[in-house]
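Below is one structure, written out as structure tokens; comments come after it.
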Amino acid sequence: VYVPVQDVSYTAALGYGAFKKSNNQRQQIHVKKTSRSIPIVVGSRSHMSDDVKNYLQDLGTHELTSMGSSLKFCLVAEGKADLYPRLGLTSEWDTAAAQCIVEQAGGHVVTLDNQALKYNTKESLLNPFFMVYGDKSRDWIHP
56 VYVPVQDVSY
66 TAALGYGAFK
76 KSNNQRQQIH
86 VKKTSRSIPI
96 VVGSRSHMSD
106 DVKNYLQDLG
116 THELTSMGSS
126 LKFCLVAEGK
136 ADLYPRLGLT
146 SEWDTAAAQC
156 IVEQAGGHVV
166 TLDNQALKYN
176 TKESLLNPFF
186 MVYGDKSRDW
196 IHP
């Protein structure tokens, strides 16, 4: 995942971890256990559905950072955010690379049934609603 405005890239490979490259420096990244009393949630500027608004209300006090693109996944992967609730449609090509980065950083990308997103099922190229989070000790699906 490349962020051209910042000249930052995120990469991962199964079994090798996840990395962030910035200022020609490459460092391994990891999700963080939620130690903050107020979780940091990343969301989409253009996709704040009523479902997301209701979810955030149920979540309680939180800090919301809005942005576009797969960068939301990457902020969870590097521990700068706790949660990305995606309660809207995306396609497989929108999530595959970022899911690898999150999972190799120790995080999770799961459906509302707590199952990993699946690809190439031939049923549909659309993803179900999902959650991206780092700390699995908290129930992010049912706040």
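Those letters in the sequence shown? Residues 56 to 198, per this note's numbering, in order. Beta carbons: idealized from backbone N, C-alpha and C, even for Gly. Keep in mind it's a predicted model, so treat the numbers as computed, not measured.
| Item | Value |
| --- | --- |
| Helix or strand or just coil, what does DSSP make of Phe74? | strand |
| Would you list the residues sitting across from Asn182 in a DSSP beta bridge? | Thr145 |
| Can you grab the Cα-Cα spacing for the pair Lys173 / Val187, in whole Å? | 14 angstroms |
| In whole angstroms, what is the alpha-carbon distance linking Asn79 and Asp62? | 9 angstroms |
| Among Thr116, Gly98, Leu119, His117, which has the Cα closest to the Cα of Phe185? | Gly98 |
| Roughly how many angstroms separate the alpha carbons of Pro183 and Asp137, rounded to a whole number? | 20 angstroms |
| Please return the same chain residues whose Cβ sits closer than 8 angstroms to the Cβ of Pro198, not counting the five positions on each side in sequence. | Tyr110, Asp113, Leu114, Gly115 |
| Starting from the C-beta of Gln82, find all residues in its chain whose C-beta is less than 7 angstroms away, skip the five residues before and the five after it, and write them out in chain order. | Phe74, Lys75 |
| Mind checking whether Gln154 and Phe128 have CB atoms under 8 angstroms apart? | yes |
| Could you name the residues that DSSP lists as bridge partners for Gly98? | Ser121 |
| Over the uninterrupted beta strand (DSSP E) stretch that includes Tyr110, give me the two end residues. | Tyr110 -> not in any beta strand (DSSP E); alpha helix (DSSP H) instead, spanning 105–114. |
| Leaving out five residues on either side along the sequence, give the residues of the same chain with a beta carbon under 8 angstroms from the beta carbon of Asp190. | Val86, Lys87, Lys88, Thr89, Asp137 |
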